[in-house]
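Visitor: I have a structure I would like to understand better, so I am pasting it below and will then ask my questions one at a time.
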Amino acid sequence: MPQSTESAVTDVYALTRKTDDEANETWLLLHDKDLLIAFVDIIDCGHELWITDIAVSPGYRGRGLASRLLKAVIHENSSADIALACCAITMDLQEWPKDTGGLPTEALAAWYARHGFRPDPNEDAADRMTRVP
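First residue of the sequence shown: 240, per my numbering; consecutive thereafter.
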């Protein structure tokens, strides 16, 4: 059953954690008052953590919120391998204005690289990136 706990306050945004132990899934959520403004979704695959999504509401982009979330994941899991598929996504969340999409894939790959992620040379999937401790 999902659990939610408040873990920190970042600027005026509340950072909370929601977990689903049965699915080995954790979400870090940023709220501005009652409004969800950013999140990262992580699945514990046993041998690595897999970031399924990281997204920021269109009106809150450009403020470093995705970087804060990614840094929190890296800090809390400093000894874990972390992997993801580097591809642009468009979120369809009722709470958010129509999403025009985030960074294009090339810019997104450069953004992940600044956070220590590298293309996985051992993988056939061209969009897979990993961060090894």
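Where a beta carbon is used, it is the ideal one built from N, C-alpha and C, also for glycine.
#1: Let me know the beta strand (DSSP E) ranges lying completely inside the region 245-313, each 3 residues or longer, listed in chain order.
#2: Alpha carbons only, please: which of ALA262, TRP289, ASP283 is nearest the one belonging to MET368?
#3: Starting from the Cα of GLU315, find the closest Cα among TRP266, TYR252, VAL251, ASP260 and give me that residue.
#4: Got a sec? Which residues, its chain only, sit under 6 Å from ASP271 by beta carbon, not counting five neighbours each side?
#5: So is the beta-carbon of VAL295 under 7 Å away from any non-hydrogen atom of the ligand ZN?
#6: Taking 8 Å as the threshold (C-beta atoms), are LEU304 and LEU269 in contact?
#7: So, LEU342 versus ALA327, is the Cβ gap smaller than 8 Å?
#8: Cβ of ASP320 within 8 Å of Cβ of GLU287?
#9: May I have the straight-line CA-CA distance separating ARG357 from ILE313, to the nearest angstrom?
#10: What would DSSP say about LEU323, mapped onto helix, strand or coil?
#11: In the DSSP assignment, find the unbroken alpha helix (DSSP H) run with GLU362 in it and report its ends.
#12: Counting only the same chain and skipping the five closest in sequence on each side, list residues whose C-beta sits under 7 Å from that of TRP350.
Guide: To lay it out plainly:
#1: 252-259, 264-271, 274-283, 288-295
#2: TRP289
#3: Restricting attention to TRP266, TYR252, VAL251, ASP260, the CA atom closest to the CA of GLU315 is found in TRP266.
#4: TYR252
#5: Inclusion of the ligand ZN in the displayed structure is not the case, the ligand content being empty and no account of it being possible.
#6: yes
#7: Taking 8 Å as the Cβ cut-off, LEU342 and ALA327 qualify as a contacting pair.
#8: Yes.
#9: Spanning the two alpha carbons is a distance of roughly 14 Å.
#10: strand
#11: Per DSSP, GLU362 belongs to no alpha helix (DSSP H) and is neither H nor E.
#12: Counting only Cβ-Cβ distances below 7 Å, and skipping sequence neighbours, we find LEU342.
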